[in-house]
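**Student:** Pasting in a structure now, in structure tokens, and then I'll have a few things to ask.
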Amino acid sequence: MKSFAHIVSISIFVFTMLTPAGSSNAEWILVRYKDLVNPEQIVRTGERIGTYLSSQTLANSSKALLQPHLDPFIDLLPDALDMVSAPSMTPFRDVSAFYPRELSEPAWVELFRDGRFLALYDGAGTVRLFLPGTSPRRAYQNNYGVVRHCLASISKTAGKINVEVYSYQHDYSKTELKLYPLPYRFSSDAFPIPQNKIPLNLTELFAFFRAGKPLAGANVNEKGLTLLAAEGETPKVDGVPITLSDFAVAYRSIFHAGQNSAFISLDPNASPTLATVNFGGYLENTAVGRTVLSADKRFKTIAAGLDPNTFTDRSNEIRQAVPNFLSAVERDLLGYSNVNGKWIGTRFWFYPESVEIETNENFSAARLIRARFTADAERQRDDFKSSDDFERFKQTMLSPSIRECIANLNSNYDLYSKVFSEFKELDHVARLLGICSWLKRRPAQVLDLDALLSVEVPVKKTPKTKTQMIAAAWLVSKNNSRPDQAAVISNRSIQYLSTYLDLSIEEVFGTADVLTKFLELVAKERGEENISVPNLNWDFVKSKKVREILTTRAHLLAFTKFLASVTNPLKNLPQEEGTFYSMNVLSIGGGINLGADEFTIRVRRNRGSIRRNRRSAPIAKPPEFLRLPAVSLPSVTEFIRPIPAPELRRTSGYSNSKRSNYSSVDATGNVKTENYWFLRKNNSDWRDRLITTRAVRERHYEGGGMVIHEENPEGATSIIGVKQGNVIVFKRQESDVKVSNEVPEWWKE
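Just so we're aligned, residue 252 is where the sequence shown starts under our numbering, counting upward by one.
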């Protein structure tokens, strides 16, 4: 529900410090938003949000699942505040909206965009912060390391700024936000590093990664953080050399993920034809995230031999580097295993416990002993009727062919890396995250590591969904004889069939009669004794994409069987030649848990320095300092760019004590497309409209209730807020209202 803009009030109170400890509950505003949550929305386990919201208490694992779906409702807090205090006649806008998602941005921006923090700026020197905590001052102190970057970016343009801090608490189980409406206020033009923190030399860290050597360890002392390097080729992620920005992304994912710790996962989707791509730890749209996703997707090639990007068969290419490679499909054919018609739900993953960091007792030095994830697999949850059955059989019912593929990958990882660069890059992701995990576990956090949040991060788009792989493999064998490995490699044929999902129904089925036969096949897959086929209007459905009518697993299985029957390249062979085939829906999920606790940190006791661990495979050479040129300690502000907010000016001749109009202007004073109108109708009722380059948002407050209507490229939404004492309930409202981008008629009155 992330909104592009907010308009909030100037509180009528003048306290500079307010502590709610011991205060009555009436001093808090309870913001309830359950009606805005779709209970049918699927979380990454495949379960629905409503399943968790019915629970009185939530485990941390459940909170992690809900965090990305519920945190964005922090956007309601400014509207709730405006319902209990006089709104400002000046527009306030979401700071994160000033940074287009298509461009590079400082690492701190994503922490504000996704719901843990909210910052609003009026373009004239006033900032409002909504931060998690029990009191405004304490919330500011606890989160200063992060929010200082936002404030410094604004101050770099505006000079001395006025800051108002509001604290809130979020209860997922109640779908309730608890807002303390009396702010902590102060003014400043300086936002230095936190007291008693050792600064980072960002210039030196920048130079380290620019030198292009693999990260091998780190030292911490009174001078700060020093990274160590090993000899080796230039490390890359997403095809380009690693930079300081990638280290900043790794740091953010380990230190600032909240409950939703860093991970990448391919998970169930409401549509059986799709898998949802989920990220934790703010890894989406980053080079690190793309690398981890690419490595995870490569499991599909290991399973079927097909490239998940080009859809071509790469089996023979892999065998040039890994001579004993056989895909899981080929192993099934070799074993004369006819899995025709089976749903092969397999969840692959890389686990990070095999990444090992050695450290001394006081955690002042670290060394990477092993920087490699290990592959594994299990059956998917959807393949079982109950969670108990899943836990009992997820490993034992894994097909032998999958087990053999995983073992072959782990044994020949370096050889696979010659074909798939993402496997090699995954080793370097392990180095970045491993060192950051070690830093997180240090008992004394004396470094100003939050300085890394000022580093610019290039945007590398990651997908939100991926199409399930539908494939069919055929093997011809003379006189039904059992094939050997050479025969499987030479005579098998495999086809990628997922492209049919995006063709029209008419292109695939041709006629209404064929579609009806397909629906009969669906009924059989469901196990229906009395087959009933819906009477479809052919003229209405024929232009739809095939995936639009495939709404269940039975649909997808039936469709795969249908394709296998009509696309079989061996169906015209002489009868004396046996044809065996493996028709699969390769429902391949998977992922990597990348949280700080997932990596292995081993403490070497009673050692003055870290020595080579003879029981573990060392890196190429013991870590050594790179011979960098002399650098001076930079001012952190050198890494802070001014906030790219358009300037808003009050339009002369259109403002008084009850109405105001602001317009954005460029450097030459020309009025641009952003405008704001505000009208106070009486002592309590008011209306406003804000237009930006992305959307139009209008609010109407009257008699204790608020109506909010917003239109943006994603569509239009309307919600209402109803105030009852200190409780405000937000609900959806059906509306066909259209808000123009012209001067409102109500403002002209």
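Just so you know, even glycine gets a beta-carbon here, dropped at the ideal spot from N, CA and C. Model, not experiment: these values are computed from the prediction.
Check Glu356 in the structure and name its three-state DSSP category.
**Tutor:** Strand.
**Student:** On the DSSP bridge list, what partners appear for Gln746?
**Tutor:** Note: Gln746 sits in a beta bridge opposite Ala723.
**Student:** Would you check if the distance between the CB atom of Leu439 and the CB atom of Leu382 is smaller than 9 Å?
**Tutor:** The residue asked about is misnamed: residue 439 is Ser in this sequence, not Leu. Their beta carbons are not under 9 Å apart, which means Ser439 does not touch Leu382 by this criterion.
**Student:** Answer with buried or exposed for Lys812, where buried requires no fewer than 16 other C-beta atoms within 10 angstroms of its C-beta.
**Tutor:** Label assigned to Lys812: buried.
**Student:** Figure out for me which residue from Ile515, Gln510, Trp998 has the closest Cα to the Cα of Lys932.
**Tutor:** Among Ile515, Gln510, Trp998, the Cα nearest to that of Lys932 is on Trp998.
**Student:** Measure the CB-CB distance between Lys425 and Lys285 and report whether it falls below 9 Å.
**Tutor:** Yes. Within cutoff.
**Student:** For a minimum of 3 consecutive residues, which ranges assigned as the beta strand (DSSP E) are wholly contained in the stretch 327-413?
**Tutor:** If we require 3 residues or more, the beta strand (DSSP E) runs fully inside the stretch 327-413 come out as 369-372, 377-383.
**Student:** For a quick check, are the C-beta atoms of Arg503 and Leu677 less than 9 Å apart?
**Tutor:** Taking 9 Å as the Cβ cut-off, Arg503 and Leu677 do not qualify as a contacting pair.
**Student:** Determine, using beta carbons only, whether Val398 and Leu371 come nearer to each other than 9 Å.
**Tutor:** Contact: no.
**Student:** Hey, which unbroken runs of the beta strand (DSSP E) at 3 residues or more fall wholly within the stretch 467-555?
**Tutor:** 475-480, 514-519, 525-531, all fully within the stretch 467-555.
**Student:** Assign Ala896 to one of three DSSP states: helix, strand, or coil.
**Tutor:** DSSP places Ala896 in coil when its eight states are reduced to three.
**Student:** Do Ile515 and Ile979 have their C-beta atoms within less than 9 Å of each other?
**Tutor:** Not closer than 9 Å, so no.
**Student:** Assuming Val739 contacts Leu557 under a Cβ cut-off of 8 Å, what Cβ separation, rounded to an integer in Å, is found between them?
**Tutor:** Going by Cβ atoms, the distance from Val739 to Leu557 rounds to 16 Å, so no, they are not a contact pair.
**Student:** Check whether the Cβ atoms of Asp1002 and Leu517 lie closer than 9 Å to each other.
**Tutor:** For the chain, the structure presents residues 252 to 1000; residue 1002 sits outside this window and is missing.
**Student:** How long is the line joining the alpha carbons of Lys909 and Val994, rounded to whole angstroms?
**Tutor:** The straight-line gap from Cα to Cα measures roughly 16 Å.
**Student:** Just to confirm my understanding: we take Glu361, look at its own chain, exclude 5 residues before and 5 after, and list those with CB closer than 6 Å. What are they?
**Tutor:** If we look at Glu361 and ignore the five residues flanking it on each side, its Cβ neighbours are Tyr533.
**Student:** Drop a sphere of 10 angstroms on the beta-carbon of Asn992, count the other beta-carbons inside from all chains shown, and report buried for 16 or more, exposed for fewer.
**Tutor:** It counts as exposed.
**Student:** When you compare only the Cα positions, how much space is there between Ala868 and Leu619?
**Tutor:** Model confidence at Ala868 stands at a pLDDT of 33, short of 50, so the residue's coordinates are unreliable; what they give is reported in the following sentence. Straight-line Cα distance between these residues: approximately 10 Å.
**Student:** Measuring CA to CA, which of Ile505, Arg549, Thr542 is closest to Gly531?
**Tutor:** With distances taken between Cα atoms, Gly531 lies closest to Ile505.
**Student:** Can you tell me which residues form a DSSP beta bridge with Ile971?
**Tutor:** For Ile971, which the question treats as bridged, DSSP gives the partners Val958, Lys982.
**Student:** Return yes when the Cβ of Asp345 is within less than 9 Å of the Cβ of Gly972, no when it is not.
**Tutor:** For Gly972 and Asp345, no; Cβs fall outside 9 Å.
**Student:** Counting along the chain, where does the alpha helix (DSSP H) carrying Leu433 start and finish?
**Tutor:** Unbroken run through Leu433 is the beta strand (DSSP E), 427-439; no alpha helix (DSSP H).
**Student:** Please name the residue in Pro443, Ile721, Ala358, Trp789 whose C-alpha comes closest to that of Thr818.
**Tutor:** It is Ile721 whose Cα lies nearest to the Cα of Thr818.
**Student:** Within this structure, are the beta carbons of His400 and Pro357 separated by less than 9 Å?
**Tutor:** In this structure, Pro357 lies closer than 9 Å to His400 by Cβ.
**Student:** Using DSSP with H/G/I as helix, E/B as strand and the rest coil, what is Ile653?
**Tutor:** Note: Ile653 maps to helix in three-state DSSP.
**Student:** Report the three-state DSSP secondary structure of Arg804 (helix, strand or coil).
**Tutor:** Looking at Arg804 - three-state DSSP - the assignment turns out to be helix.
**Student:** Assuming Gln510 and Ala315 are in contact, meaning their beta carbons sit under 8 Å apart, how far apart are those beta carbons, in whole angstroms?
**Tutor:** Their Cβ separation, rounded to whole angstroms, is 4 Å, which keeps Gln510 and Ala315 in contact under 8 Å.
**Student:** Is the beta carbon of Val580 sitting closer than 9 Å to the one on Ala554?
**Tutor:** In contact: Val580 and Ala554 (Cβ atoms closer than 9 Å).
**Student:** What does DSSP give as the partner residue(s) for Gly966 in the beta ladder?
**Tutor:** Asn963, per the DSSP bridge assignment.
**Student:** Return the bridge partner residues of Leu619 from the DSSP annotation.
**Tutor:** According to DSSP, Leu619 bridges with Ile608.
**Student:** Looking only at its own chain, which residues have a Cβ that is under 7 Å from the Cβ of Asn977, when we skip the five neighbours before and after it?
**Tutor:** Hits under 7 Å: Ala277, Trp279, Ile280, Leu281.
**Student:** For Phe671, which residues of its own chain have a beta-carbon under 7 Å away from its beta-carbon, when the five flanking residues on both sides are left out?
**Tutor:** So the qualifying residues of the chain are Arg549.
**Student:** Could you tell me the distance, in whole angstroms, from the CA atom of Leu495 to the CA atom of Thr524?
**Tutor:** Whole-angstrom Cα-Cα distance: 38 Å.
**Student:** Who pairs with Leu941 in a beta bridge, going by DSSP?
**Tutor:** Answer is Tyr927, Arg948.
**Student:** Can you check whether the CB of Gly410 is closer than 9 Å to the CB of Gly376?
**Tutor:** It is a contact, given that the beta carbons lie within the stated cut-off.
**Student:** Let me know the secondary structure DSSP gives Val573 once reduced to three states.
**Tutor:** Note: Val573 maps to coil in three-state DSSP.
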